[in-house]
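Data block below; observations after.
Numbering (the numbering used here), first residue to last: 375 to 752.
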C-alpha cells in the first residue's frame, strides 16, 4: 500500500485530508473541511475506521459552548458531517471507549470533563453529562495552575477505567466506566509532584492489561513512569521514575513546554515533543527514549530537531518507518524517515506540507478501497 490517508486537525479552522506516500514520505493535501471551525483541534477515528470524531474547541470569549462532532469517512477520504453535540467550554482532547459506545472529553478552559454517548453503527454522538472541578488554592505554578485544567483522556484497554490528566490540579483523575446511573463515576485521583502539570499520557505495553503508564509534565518538562496494578475497583499507580525531556545542559531552561507523547510500534521506543525550547535554532526538539520492557524505566537516547515550531503533536506511521511532526507556529507538517528497529531518524526531512496551525494528525489504517472490498465481501 504505497498511499495512505491521514487527517490533520488545526487551530486554523480546518480538518485536512492528507495523502501520504509510504515509500517516499511525500505529503499531499487532498481535501479541506471547515464544518468544525474555528478550532477542530483533536480527532480520533473509530475502531472500524468508518467515523472521525473531533472536539470543537472554544474559549470563554466564544459565544458557543464546545462540542463534539462526528463525521463519516467517505471512500475518497472526504468527511461528511453526521452530528454535533454541545458540551462544556474548551474541550481539548477526546477518547473513545474500547466498546465504541462512549466518548469522554477533557475540557481545559472550563475545568471539566464531559461524557457523550455514541452509536458505533451511525456515528451519532449525544452529550450525556459533565463534571466540573475546583481548586482550593492555586498550584505551584500559579499563572498556569489557577484552576483545574483537564488536558488528556485515555481509557485503559479493558474499558473499565478512564484516566484524565489535570495540568492545573497536578493530579491524574480516575473514573470507573458504567456500573451506575452515570456513564462514568469519579474515584480517588493520583497526585503527581507539585508543578508537574500533567499533560498527555500513554499505557505500555499496548495489551489488554498494560504494566506501565507514562505521563508528560508540561510545566516541569519531565516524563514520569508509573507501574500499573489492577485492583477490584480500578487501578493502582505507583511512581517509579521521573526523567527530563530535555538534554542536561537545557534541563533548567525556562520557556519550554513538553507536549505530545507517543510509542513506537516496535514497543522499544517512546518519543516526547518539546515545544518552544532552544535546543535547536528556528525549530523545536523531540526526545527519544529506550524502554526497559521489564522495569518500565526509560533511558534518554537522543534529542533531535523536529523541523517545526511549536510542535503540538507528532505521529508515527503504523509501519514504524516514518515520523510526522506538526508545527502550530510554523504552519506546516513534516515527514522524517525512521529506522523501525532503532527508532532513530534515518533520513532528515523528506517532505513538508503547509497547513494553517496544525495540531493533531490521525492515520486511517484501513484505506477506503479496503473498506469497500470488505463491505462487498461481507
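Glycine included, C-beta positions come from ideal geometry on N, C-alpha and C.
Bear in mind the structure is a predicted one, so any value in this text is a computation, not a measurement.
Counting only runs of 3+ residues fully inside the segment 521-564, write out the beta strand (DSSP E) ranges in chain order.
Within the segment 521-564, the complete beta strand (DSSP E) runs of at least 3 residues are 524-529, 535-540, 545-551.
Hey, would you say residue 578 sits closer than 8 angstroms to residue 717, going by beta carbons?
To locate residue 578, count along the chain shown from 1; it is residue 204. To locate residue 717, count along the chain shown from 1; it is residue 343. Going by C-beta atoms, residue 578 is not nearer than 8 angstroms to residue 717.
The beta strand (DSSP E) enclosing residue 693, as first and last residue numbers:
Position 319 of the chain shown, counting from 1, holds the residue named residue 693. Here residue 693 belongs to no beta strand (DSSP E), and DSSP marks it neither H nor E.
Member of 508, 531, 529, 478 whose CA lies at the smallest distance from the CA of residue 520:
The residue given as residue 520 occupies position 146 in the chain shown. Ranked by Cα distance from residue 520, the options 508, 531, 529, 478 are led by 508.
Quick one: what's got a C-beta closer than 7 angstroms to residue 683's C-beta in the same chain, skipping five residues either side?
Here residue 683 is taken as the residue at index 309 of the chain shown, counted from 1. Excluding residues within five positions, the ones whose Cβ falls inside 7 angstroms are 657, 658, 701, 703, 704.
Please work out which residues of its chain come closer than 8 angstroms, Cβ to Cβ, to residue 381, disregarding the five sequence neighbours upstream and downstream, and give them in chain order.
Position 7 of the chain shown holds residue 381. Excluding sequence neighbours, residue 381 sits near 389, 390, 391, 392, 417, 419, 426, 453, 735, 736, 738.
Cβ-based burial, residue 754 [other Cβ within 10 Å; buried from 16]
Any answer about residue 754 is impossible in this case: the structure gives the chain only from 375 up to 752.
Contained alpha helix (DSSP H) runs [length at least 4] in the segment 387-427, N- to C-terminal order
Taking only runs of at least 4 residues, no alpha helix (DSSP H) segment lies wholly in the segment 387-427.
Should residue 449 be labelled buried (16 or more other beta-carbon atoms within 10 Å of its own) or exposed?
As a position in the chain shown, residue 449 is number 75, starting the count at 1. Exposed, by the Cβ-count rule.
In DSSP terms, what residue 578 is bridged to
Counting from one through the chain shown, the residue named residue 578 turns up at place 204. Beta-bridge pairing links residue 578 to 586.
Delimiting residues of the beta strand (DSSP E) encompassing residue 383:
Residue numbering aside, residue 383 sits at position 9 when the chain shown is read from its first letter. Residue range 377-384 is occupied by the beta strand (DSSP E) that includes residue 383.
Buried/exposed call for residue 500, threshold 16 Cβ in 10 Å
By one-based count along the chain shown, residue 500 stands at place 126. So residue 500 ends up on the exposed side.
Which class does residue 483 belong to by DSSP, given the choice of helix, strand or coil?
Residue mapping note: residue 483 aligns to position 109 of the chain shown, counting from 1. In the structure shown, the three-state DSSP call for residue 483 is helix.
Which residues does DSSP pair with residue 451 in a beta bridge?
Here the question's residue 451 lines up with position 77 in the chain shown. In the DSSP assignment, no residue is bridged to residue 451.
Can you give me the C-alpha to C-alpha distance between residue 649 and residue 593, rounded to a whole angstrom?
Within the chain shown, numbered from 1, the residue matching residue 649 stands at position 275. Within the chain shown, numbered from 1, the residue matching residue 593 stands at position 219. Roughly 11 angstroms separates the two Cα atoms.
Looking at the structure shown, is residue 722 part of a helix, part of a strand, or coil, going by DSSP?
Counting from 1 along the chain shown, the entry for residue 722 is found at position 348. In the structure shown, the three-state DSSP call for residue 722 is strand.
Best match in 534, 558, 506, 551 for proximity to residue 540 [C-alpha to C-alpha]
By one-based count along the chain shown, residue 540 stands at place 166. Residue 540 has its Cα closest to that of 506, out of 534, 558, 506, 551.
Please look up how many angstroms separate the CB atoms of residue 709 and residue 724, rounded, as I've assumed it's under 8 angstroms.
Along the chain shown, one-based indexing puts residue 709 at 335. Along the chain shown, one-based indexing puts residue 724 at 350. At roughly 5 angstroms, the Cβ-Cβ gap stays under 8 angstroms, so residue 709 and residue 724 are in contact.
Does the contact criterion of 3 or more C-beta pairs under 8 angstroms hold for the segment 464-475 versus the segment 519-539?
Judged by pairs of C-beta atoms under 8 angstroms, the segment 464-475 touches the segment 519-539, as three or more such pairs exist.
Could you check the C-alpha separation between residue 726 and residue 681 for me, to the nearest Å?
For the purposes of this step, residue 726 is taken as residue 352 along the chain shown, with counting starting at 1. For the purposes of this step, residue 681 is taken as residue 307 along the chain shown, with counting starting at 1. Cα-Cα distance, rounded: 9 angstroms.
Can you find the residues in the same chain that come closer than 6 angstroms, C-beta to C-beta, to residue 557, ignoring five residues on each side of it along the sequence?
Looking up residue 557 in the chain shown gives position 183. The residues are 476, 489, 502.
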